[in-house]
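Asks: The structure that follows is given in the form of structure tokens.
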Amino acid sequence: MAAEVGGSLDEAVAIVAGWPGVVERLLAAHVAGPDGRCAVCGGNGRPAPLWPCSVAELAGAARRLRG
Ligand SMILES: [Zn+2]
Numbered sequence: 095m096a097a098e099v100g101g102s103l104d105e106a107v108a109i110v111a112g113w114p115g116v117v118e119r120l121l122a123a124h125v126a127g128p129d130g131r132c133a134v135c136g137g138n139g140r141p142a143p144l145w146p147c148s149v150a151e152l153a154g155a156a157r158r159l160r161g
């Protein structure tokens, strides 16, 4: 049986939305730096993604879901 990947992001958002404090911590950490890139993503030789990074987008969606 093939794995269904569609909707996995929505599931992740719903899961994160249910973790007290996690969304707030993620949103506080994943902010844009002076170059417009995420301040904490990247590293290990990889360039940081332009903000909002995928984590910031996920946390923002979780906060909106929570209302
Ligand atoms: Zn980030």
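The sequence shown: position 18 = 112 (the working numbering), numbered continuously. Don't be surprised by glycine CBs; every beta carbon is placed ideally from N, CA and C. Nothing here was measured: the structure is a model prediction, and the numbers come from that model.
#1: For Cys132 versus Trp113, is the C-beta distance shorter than 7 angstroms?
#2: Check whether the Cβ of Val149 lies closer than 6 angstroms to any heavy atom of ligand 1, and answer yes or no.
#3: Counting C-beta neighbours from all protein chains within 10 Å, is the total for Ala122 16 or more, i.e. buried, or is it exposed?
#4: Under 8 angstroms by Cβ, that's how I've got Val110 and Leu152 pegged, so tell me the actual separation to the nearest angstrom.
#5: CA-CA distance, Glu105 and Gly130?
Replies: This is what the structure gives:
#1: As a position in the sequence shown, residue 132 is number 38, starting the count at 1. As a position in the sequence shown, residue 113 is number 19, starting the count at 1. The answer is no: Cβ separation not under 7 angstroms.
#2: As a first step, residue 149 must be located in the sequence shown, where it is residue number 55. Val149: yes, Cβ under 6 angstroms from ligand 1.
#3: For the purposes of this step, residue 122 is identified with residue 28 of the sequence shown, where counting begins at 1. With fewer than 16 Cβ atoms within 10 Å of its Cβ, Ala122 is classed as exposed.
#4: For the purposes of this step, residue 110 is identified with residue 16 of the sequence shown, where counting begins at 1. For the purposes of this step, residue 152 is identified with residue 58 of the sequence shown, where counting begins at 1. With 8 angstroms as the limit, Val110 and Leu152 qualify as a contact, their Cβ atoms being about 6 angstroms apart.
#5: Position 11 of the sequence shown holds residue 105. Position 36 of the sequence shown holds residue 130. Cα to Cα, Glu105 sits roughly 28 angstroms from Gly130.
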